[in-house]
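For reference, the structure is listed below as structure tokens.
2 protein chains.
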Amino acid sequence: MAQPGLQAVETTCPFCEGLSDPVGFWGPHWVWTFPHSVAVLGSWQYYTGYCVLVSREHATELSQLGPRRTPFLEEMAMLAEAIGECFRPVKLNYELLGNQVPHLHWHLIPRYDHDPDRRRPVWFTLEMAERDSGQRLRFQTGHLPVDECVRRLRNWLQGHGAPVAIA
Amino acid sequence: MAQPGLQAVETTCPFCEGLSDPVGFWGPHWVWTFPHSVAVLGSWQYYTGYCVLVSREHATELSQLGPRRTPFLEEMAMLAEAIGECFRPVKLNYELLGNQVPHLHWHLIPRYDHDPDRRRPVWFTLEMAERDSGQRLRFQTGHLPVDECVRRLRNWLQGHGAPVAIA
Chain A
0 MAQPGLQAVE
10 TTCPFCEGLS
20 DPVGFWGPHW
30 VWTFPHSVAV
40 LGSWQYYTGY
50 CVLVSREHAT
60 ELSQLGPRRT
70 PFLEEMAMLA
80 EAIGECFRPV
90 KLNYELLGNQ
100 VPHLHWHLIP
110 RYDHDPDRRR
120 PVWFTLEMAE
130 RDSGQRLRFQ
140 TGHLPVDECV
150 RRLRNWLQGH
160 GAPVAIA
Chain B
0 MAQPGLQAVE
10 TTCPFCEGLS
20 DPVGFWGPHW
30 VWTFPHSVAV
40 LGSWQYYTGY
50 CVLVSREHAT
60 ELSQLGPRRT
70 PFLEEMAMLA
80 EAIGECFRPV
90 KLNYELLGNQ
100 VPHLHWHLIP
110 RYDHDPDRRR
120 PVWFTLEMAE
130 RDSGQRLRFQ
140 TGHLPVDECV
150 RRLRNWLQGH
160 GAPVAIA
């Protein structure tokens, strides 16, 4: 991946910055460091258990991962299962967009029946919430505290033998 | 998966209906029948090459697929690579939502620089387009005809040994 343009992206990539020290960077939101990705609790905990899974390699498309693509997808599916088991949503949304930050990262978003906008993608709600400080706080707050969400996810992952990055 | 509720969903599921005869149901939009999924060109060809990849098994979450989860994800990644190679978008969006039709299906949406809304998820544009017949036609029409998109994707998949469902 030693393309001239790529290095420039990496040095200003907010995810690459966090990946050098996931626990320090994401603090209490850090959940797990898999061999190929880092799981963190997302900002919008109205969707209780919402996680972002960041590729440890700077790449913009799955095809750039080569043989690391399969385990990266397996880690995504395992974290999705953990969210489903820990929080029992009615549906999960799995989204890898990268329109704003083109470093592979999954949004794993549990959907609940109490959400009046349950049938639409979350982005309508979140764009509105970002513009309004009162709404922002409301949608950043879940019905469980952050440390409880993280504890549940970590327990599930540990109990199901989730792989851990070596150093 | 023999839950009482599930059978009822299946019998009214629009994807299950199509899957009994993909070529007949999707007509010129049908691209490929993989062992675990069917690829069809999506309706919104403003995003030239946009495909929907439908699980051949009725399931609502990846975790329900058991050992078929990995090949289903591999088929998604292969189709995404085909779209990237055939149409050279600046970015791909990979989305498995199921908020309206809870049968596993990926939206694989190529994003292009000519799109003034390139930094946002496509759903803002598409919700607007669905409400307005003039806009609907505009966003359903790509800069390539449907048969040319399908031809390119099929050629790429064939040339890269994409697996095919047996009967």
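Just so you know, the protein sequences line up as chains A and B, in that order.
Residue 93 in numbering that gives the first Met the number 0 sits at position 94 of the first sequence, and the numbers go up by one each step.
Residue 68 in numbering that gives the first Met the number 0 sits at position 69 of the second sequence, and the numbers go up by one each step.
Backbone N, C-alpha and C fix where the C-beta goes; we use that ideal spot for every residue, glycine too.
| Item | Value |
| --- | --- |
| Taking the beta carbon of G26 (chain B) as the centre, do at least 16 other beta carbons fall within 10 Å, making it buried, or is it exposed? | exposed |
| Can you tell me where the beta strand (DSSP E) holding I108 (chain B) begins and where it ends? | 104 to 110 |
| Going by other Cβ atoms of all chains shown within 10 Å of its Cβ, with 16 needed for buried, is A164 (chain A) buried or exposed? | exposed |
| Could you name the residues of the stretch 59 to 73 of chain A whose beta carbon sits closer than 8 Å to any beta carbon of chain B, in the order they occur along the chain? | T59, E60, L61, S62, R68, T69, L72, E73 |
| Would you kindly work out how many angstroms separate the C-alpha atoms of L5 (chain A) and E16 (chain A), rounded to a whole number? | In this prediction, L5 (chain A) scores a pLDDT of 36, lower than 50, which makes its location untrustworthy; no coordinate-derived value is stated. |
| Apply the 10 Å Cβ neighbour rule to L18 (chain B) and answer buried if 16 or more other Cβ atoms are within range, or exposed otherwise. | buried |
| To the nearest angstrom, how far is it from the Cα of R119 (chain B) to the Cα of V51 (chain B)? | 19 Å |
| From G158 (chain B) to R151 (chain B), what does the alpha carbon distance come to, in whole angstroms? | 11 Å |
| Alpha carbon to alpha carbon, how far is V37 (chain A) from E60 (chain B)? | 22 Å |
| Could you compute how far the alpha carbon of P144 (chain A) sits from the alpha carbon of L125 (chain A)? | 20 Å |
| For D131 (chain A) and H106 (chain A), I'd like the C-alpha separation in whole angstroms. | 22 Å |
| Would you mind telling me which residues of chain B sit closer than 9 Å to N154 (chain A), beta carbon to beta carbon, in chain order? | Going along chain B, no residue has its Cβ under 9 Å from N154 (chain A), so there is no contact; the nearest lies around 17 Å. |
| Whole angstroms is fine: what's the gap from L91 (chain A)'s alpha carbon to I108 (chain A)'s? | 6 Å |
| Whose Cβ in chain A lies nearer than 9 Å to the Cβ of W122 (chain B)? | R119, P120, W122, F123 |
| Starting from the beta carbon of P101 (chain A), find every residue of chain B whose beta carbon is closer than 7 Å, and list them in chain order. | K90 |
| Let's test the definition: count the other Cβ atoms within 10 Å of the Cβ of M75 (chain A) and tell me whether it reaches 16, buried, or not, exposed. | buried |
| Nearest to W122 (chain B) by alpha carbon, out of B:R68, B:E147, B:Y93, B:H113? | B:Y93 |
| Mind checking whether Y45 (chain A) and R137 (chain A) have CB atoms under 8 Å apart? | yes |
| Counting only Cβ pairs nearer than 9 Å, list the residues of chain A close to R135 (chain B). | What R135 (chain B) touches in chain A: nothing, since even the nearest Cβ is about 18 Å away. |
| Counting contacts by CB-CB distance shorter than 8 Å, is L52 (chain A) in contact with chain B? | no |
| Does the beta-carbon distance from H57 (chain B) to H104 (chain B) come in below 8 Å? | no |
| Mapping the DSSP letters down to three states, classify N92 (chain B) as helix, strand or coil. | strand |
| Please list the partners that R110 (chain A) has in chain B, where partner means a Cβ-to-Cβ separation under 7 Å. | N98 |
| Assign G133 (chain A) to one of two classes, buried (16 or more other C-beta atoms within 10 Å of its C-beta) or exposed (fewer than that). | exposed |
| Hey, does G83 (chain A) have any beta-carbon neighbour from chain B nearer than 8 Å? | yes |
| With 16 as the cutoff for other CB atoms within 10 Å, does V149 (chain B) come out buried or exposed? | buried |
| Compare the beta carbon distance of V100 (chain A) and F14 (chain A) with 8 Å and say whether it is the shorter of the two. | yes |
| For L95 (chain B), which residues in chain A fall below 9 Å Cβ to Cβ? | L91, N92, Y93, E94 |
| Just the C-alpha distance for H113 (chain A) and V53 (chain A), rounded to the nearest angstrom, thanks. | 28 Å |
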